[in-house]
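There are 2 protein chains.
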Amino acid sequence: MDIATPAALVDEACMMRNIARMQSRMATHGVRLRPHVKTPKCTEVARRQQAAGASGITVSTLKEAEEFFAAGFADVLYAVCIAPAKLDRVLALRRRGCALTVLVDSVVAAEAVVDRGRAEHHAFDVMIEVDTDGHRSGVKPDDAALLDIGTVLQRGGATLKGVMTHAGSSYALDTPDALRAMAEQERSGCVRAAERLRAAGLPCPEVSVGSTPTALSARHLDGVTEVRAGVYVFFDLVMVNVGVCALQDVALSVLATVIGHQPDKGWAIVDAGWMAMSRDRGTQRQKIDYGYGAVCDVNGRPLDGLVMAEANQEHGIVARRDGVADPAIAGRFPIGTQLRILPNHACATATQFPEYRVIAQGGATPTWRRFDGW
Amino acid sequence: MDIATPAALVDEACMMRNIARMQSRMATHGVRLRPHVKTPKCTEVARRQQAAGASGITVSTLKEAEEFFAAGFADVLYAVCIAPAKLDRVLALRRRGCALTVLVDSVVAAEAVVDRGRAEHHAFDVMIEVDTDGHRSGVKPDDAALLDIGTVLQRGGATLKGVMTHAGSSYALDTPDALRAMAEQERSGCVRAAERLRAAGLPCPEVSVGSTPTALSARHLDGVTEVRAGVYVFFDLVMVNVGVCALQDVALSVLATVIGHQPDKGWAIVDAGWMAMSRDRGTQRQKIDYGYGAVCDVNGRPLDGLVMAEANQEHGIVARRDGVADPAIAGRFPIGTQLRILPNHACATATQFPEYRVIAQGGATPTWRRFDGW
Numbered sequence: 041m042d043i044a045t046p047a048a049l050v051d052e053a054c055m056m057r058n059i060a061r062m063q064s065r066m067a068t069h070g071v072r073l074r075p076h077v078k079t080p081k082c083t084e085v086a087r088r089q090q091a092a093g094a095s096g097i098t099v100s101t102l103k104e105a106e107e108f109f110a111a112g113f114a115d116v117l118y119a120v121c122i123a124p125a126k127l128d129r130v131l132a133l134r135r136r137g138c139a140l141t142v143l144v145d146s147v148v149a150a151e152a153v154v155d156r157g158r159a160e161h162h163a164f165d166v167m168i169e170v171d172t173d174g175h176r177s178g179v180k181p182d183d184a185a186l187l188d189i190g191t192v193l194q195r196g197g198a199t200l201k202g203v204m205t206h207a208g209s210s211y212a213l214d215t216p217d218a219l220r221a222m223a224e225q226e227r228s229g230c231v232r233a234a235e236r237l238r239a240a241g242l243p244c245p246e247v248s249v250g251s252t253p254t255a256l257s258a259r260h261l262d263g264v265t266e267v268r269a270g271v272y273v274f275f276d277l278v279m280v281n282v283g284v285c286a287l288q289d290v291a292l293s294v295l296a297t298v299i300g301h302q303p304d305k306g307w308a309i310v311d312a313g314w315m316a317m318s319r320d321r322g323t324q325r326q327k328i329d330y331g332y333g334a335v336c337d338v339n340g341r342p343l344d345g346l347v348m349a350e351a352n353q354e355h356g357i358v359a360r361r362d363g364v365a366d367p368a369i370a371g372r373f374p375i376g377t378q379l380r381i382l383p384n385h386a387c388a389t390a391t392q393f394p395e396y397r398v399i400a401q402g403g404a405t406p407t408w409r410r411f412d413g414w
Numbered sequence: 041m042d043i044a045t046p047a048a049l050v051d052e053a054c055m056m057r058n059i060a061r062m063q064s065r066m067a068t069h070g071v072r073l074r075p076h077v078k079t080p081k082c083t084e085v086a087r088r089q090q091a092a093g094a095s096g097i098t099v100s101t102l103k104e105a106e107e108f109f110a111a112g113f114a115d116v117l118y119a120v121c122i123a124p125a126k127l128d129r130v131l132a133l134r135r136r137g138c139a140l141t142v143l144v145d146s147v148v149a150a151e152a153v154v155d156r157g158r159a160e161h162h163a164f165d166v167m168i169e170v171d172t173d174g175h176r177s178g179v180k181p182d183d184a185a186l187l188d189i190g191t192v193l194q195r196g197g198a199t200l201k202g203v204m205t206h207a208g209s210s211y212a213l214d215t216p217d218a219l220r221a222m223a224e225q226e227r228s229g230c231v232r233a234a235e236r237l238r239a240a241g242l243p244c245p246e247v248s249v250g251s252t253p254t255a256l257s258a259r260h261l262d263g264v265t266e267v268r269a270g271v272y273v274f275f276d277l278v279m280v281n282v283g284v285c286a287l288q289d290v291a292l293s294v295l296a297t298v299i300g301h302q303p304d305k306g307w308a309i310v311d312a313g314w315m316a317m318s319r320d321r322g323t324q325r326q327k328i329d330y331g332y333g334a335v336c337d338v339n340g341r342p343l344d345g346l347v348m349a350e351a352n353q354e355h356g357i358v359a360r361r362d363g364v365a366d367p368a369i370a371g372r373f374p375i376g377t378q379l380r381i382l383p384n385h386a387c388a389t390a391t392q393f394p395e396y397r398v399i400a401q402g403g404a405t406p407t408w409r410r411f412d413g414w
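Heads up: the sequence lines are chains R and Z, in that order.
Letter by letter, the first sequence follows residues 41 to 414 in my numbering.
Letter by letter, the second sequence follows residues 41 to 414 in my numbering.
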């Protein structure tokens, strides 16, 4: 492949299948899909998700909100609780026409938002984060603070748009039953929070849930209005182990070149180390530990039992996953051989690259820009 | 601090002490220092290393060679075995006046270099990588291949500049005795390789060794001409655990803002997750596991026993390292509080940021650009 290595490859046909699968699933459940763009951070990808029927985007940073708004995406949920010092940038975006919703999970943050809104004669759009699995931020569905926050926002002149939750602990599961149970826990907890707000006379039009594993596992999404998911667009080895995709669904890989061997150890050394793959070892405690990645040939065909067993900054050590030294590896992959490495965690690997090289229909390899930073 | 979070902070005074310490150590040993710029990837940092007496630079990618050459650094060692397809870019740099040395550890790669040199009527500068600790690339000092590679290069018209090694396994050590022994193993192995080449009538003017731990631990460096080290300029928690620096020597930190709490769990949640810290968990198997980083106040004073215990993409969970839930954490660090987080691995954390905010003498906070990619 005439592409300098290491490079982040995106198999477009594979990605389009992933997009269609999630969109179709959401259509079946009768809910909107608001893709989380933090995985690809690429407008070319998001445009394909919108064309397939997605509705708005979710972002993890204000930089994403700014970049995507500049590219024409105006319906944006910033799904990390707002630091009051960031309201300047939120306000600037909203005044330019971006329908940017912010998130709070405390009375203190809600007060900061309404205080700023009053001072600026501006009604911020706000959602309340609900904690349905104990893994991170949010108020518990039955916490008294939920109504306090809602009341502060409502009385303070903010627009209370609804509740949202993210069952991130679904990443640690790996059976259909456990995933279905977690999806139901996420759904019912978030719906419960919405019902409490409404019963207290507070508005709650939106009920937003989601993670890739729960989105693909839920039996029904009654009471939910929208689902957020991000990594499904590329998938990765963590998702393979969770059980919501197969190896051939992973649309992102790192193209690498063999630069040497240690034949007695059964090592081929490639020019993609952790700087290319990231330090993410997400499969370490899963069913199959893929080291720093699963090794495929240059066309993306998985090479059974071969992984990137170790990584230095710019060196990756390709070896058998079972630890057996195969001295024939040097003959099998001579210096100059290109390999594709599937990543543990697409979000972490993608961010190591400034752009994607896309394996497109017809053999073209266009470049799609991605961005990073805050 | 009036800096948007998360941000990568560099304490300039601390960095200057680290630079002076390593330079003075190399002066004592009577060897040149060729800093590895892969850690900071920043010309402002490298200029300070050069001003302190460093001689040339080491790079891990051709992008680094190109960027630093454009900034006036012409003496460059590319310390990753060359992929033959990259010789185009090497040649382009050399023809523009960059004294760029490439590395090989096999007859196959040496032949690729001399073949290309013959076709282009160009004598490449080449070093041979020697494996002194079994952790990665290189030929063993007593391997017959060493002389074969040297002969191919010499007969093929390349300029055989010498031998180099990197005892990366020193990162796994944590006692002065073990570090001194590894430094001596690295030194003696590389000198042994040089002596074998010379005894065979081959030139070997340079003997280049180094890693931050061995550079700071060697008793003597007889026979060595230059030392390479990178991470010492910032240091990090891995180096604290190795025992070659203290917490107050760590010049790089991530500035973060508290955005919420889970008081019953003793969590403060900050707006710096693994996207800011990187996924590097280098202290996981060391004496002290700092999670995703050690927590300091906004002025950089370590807060005893507090770490970033867990990280999501844009969320960091600050908690007690001993796992005890401290419900008072919400009162101690209200929403909006800024904290500094020291990184496990400076190379991995720095690459998550496009620039450094520098805490300079006199209270200024200039911005220094860094770059990434290949």
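Even for Gly, the Cβ is constructed at its ideal location relative to N, Cα and C.
Report the start-end ranges of each alpha helix (DSSP H) in the stretch 104-141 of chain Z that is 4 residues or longer and not cut off at the edges. 127-135
Look at the alpha carbon of HIS385/R and the alpha carbon of ALA286/R, and state the distance between them as a whole number of angstroms. HIS385/R and ALA286/R have their C-alpha atoms spaced approximately 14 Å apart.
Are the CB atoms of ALA291/R and ILE381/R within a distance shorter than 7 Å? No, these two residues do not count as a Cβ contact at 7 Å.
Throw me the rounded Cβ distance for the VAL142/Z and VAL130/Z pair, which I believe falls under 8 Å. Confirmed, Cβ separation roughly 6 Å.
Nearest to ARG325/Z by CA position, among ASP214/Z, ARG88/Z, TYR272/Z, is which residue? ASP214/Z
N- and C-terminal bounds of the alpha helix (DSSP H) containing VAL280/R: Where VAL280/R is concerned, the enclosing alpha helix (DSSP H) stretches over 277-282.
Proximity test, Cβ basis, 7 Å: SER251/Z and chain R: no
Bridge partners of TRP408/Z, per DSSP? TYR396/Z
Let's test the definition: count the other Cβ atoms within 10 Å of the Cβ of ARG236/Z and tell me whether it reaches 16, buried, or not, exposed. buried
Backbone CA spacing between ILE43/Z and TYR272/Z [nearest angstrom]: Roughly 26 Å separates the two Cα atoms.
What number of angstroms, rounded off, separates the C-alpha of ASP289/Z from the C-alpha of PHE274/Z? 8 Å
Buried or exposed, going by whether 16 or more other CB atoms sit within 10 Å of the CB of VAL358/Z? Buried, since its Cβ has 16 or more Cβ neighbours within 10 Å.
Using only alpha-carbon positions, find the residue among SER95/Z, GLY196/Z, PHE109/Z that is nearest to VAL159/Z. Reading off the sequence, residue 159/Z comes out as Ala, not Val. With distances taken between Cα atoms, ALA159/Z lies closest to GLY196/Z.
Specify the secondary structure class of SER210/R as computed by DSSP and reduced to three states. Helix, per DSSP.
Considering only residues of the same chain and omitting the five flanking positions on each side of ILE369/R, which have a CB-CB separation below 6 Å? GLY306, ALA308
Under 7 Å from the C-beta of ARG156/R: neighbouring residues of chain Z: Under the 7 Å cutoff, chain Z gives no residues; its nearest Cβ is about 12 Å from ARG156/R.
With DSSP as the reference, label ASP289/R as helix, strand or coil. helix
CA nearest to the CA of ASP51/Z, picked from TYR396/Z, ARG409/Z, ALA207/Z: TYR396/Z
Beta carbon of GLY300/R nearer than 7 Å to that of ALA351/R: no
Does DSSP classify ARG220/Z as helix, strand or coil? helix
So, does the stretch 249-259 of chain R touch the stretch 60-78 of chain R, judging by three or more C-beta pairs under 8 Å? Because the criterion of three Cβ pairs below 8 Å is met, the stretch 249-259 of chain R and the stretch 60-78 of chain R touch.
Could you name the residues of the same chain whose beta carbon sits closer than 6 Å to that of GLY356/R, not counting the 5 residues immediately before and after it, in chain order? Taken in chain order, the residues that qualify are VAL310, ALA312, GLY313, MET348.
Buried versus exposed call for ASP145/Z [16 or more other C-beta atoms within 10 Å across all chains shown]: buried
Within its chain, find whatever has a CB closer than 8 Å to the CB of THR191/Z; leave out the 5 residues flanking it on each side and keep chain order. ALA240, LEU242
List, in order along the chain, the chain Z residues whose C-beta lies closer than 8 Å to that of ARG372/R? Those within 8 Å of ARG372/R in chain Z number zero; the least Cβ separation is about 14 Å.
Cut-off 6 Å between Cβ atoms - residues of its own chain near ALA111/Z, not counting five sequence neighbours on either side: THR83
What are the boundary residues of the alpha helix (DSSP H) that includes THR252/R? In the DSSP annotation of this structure, the continuous segment of the alpha helix (DSSP H) that includes THR252/R starts and ends at 252-255.
For ALA388/Z and GLY208/R, the rounded distance between their alpha carbons: 24 Å
Based on Cα-Cα distance, which residue from LYS78/Z, GLY93/Z, PRO124/Z, VAL364/Z lies nearest to PHE108/Z? Out of LYS78/Z, GLY93/Z, PRO124/Z, VAL364/Z, LYS78/Z has the C-alpha closest to the C-alpha of PHE108/Z.
Out of ASP128/R, GLY174/R, THR45/R, ALA53/R, state which residue places its alpha-carbon closest to the alpha-carbon of GLY402/R. Nearest C-alpha to GLY402/R: ALA53/R.
Around the C-beta of PRO80/Z, are 16 or more other C-beta atoms found within 10 angstroms, so that it is buried, or is it exposed? buried
I want to verify the contact list: residues of chain Z whose CB lies under 9 Å from the CB of ASP115/R, in sequence order. Residues of chain Z passing the Cβ test: none, with the nearest at roughly 20 Å.
Per DSSP, ALA167/R is paired with what? Just to set this straight, residue 167/R is Met in the shown sequence, not Ala. The partner list for MET167/R (beta bridge, DSSP) reads LEU143/R, GLY202/R.
Please report the Cβ distance between GLU246/Z and MET315/Z, rounded to the nearest whole angstrom; I am assuming they are in contact, meaning their Cβ atoms lie under 8 Å. With 8 Å as the limit, GLU246/Z and MET315/Z do not qualify as a contact, their Cβ atoms being about 40 Å apart.
Would you kindly check if the distance between the Cβ of LEU193/Z and the Cβ of ALA150/Z is under 7 Å? Yes; because the gap between Cβ atoms is below 7 Å, this pair is in contact.
Which of the three DSSP states is assigned to THR297/Z in this structure? Assigned with DSSP and collapsed to three states, THR297/Z falls in strand.
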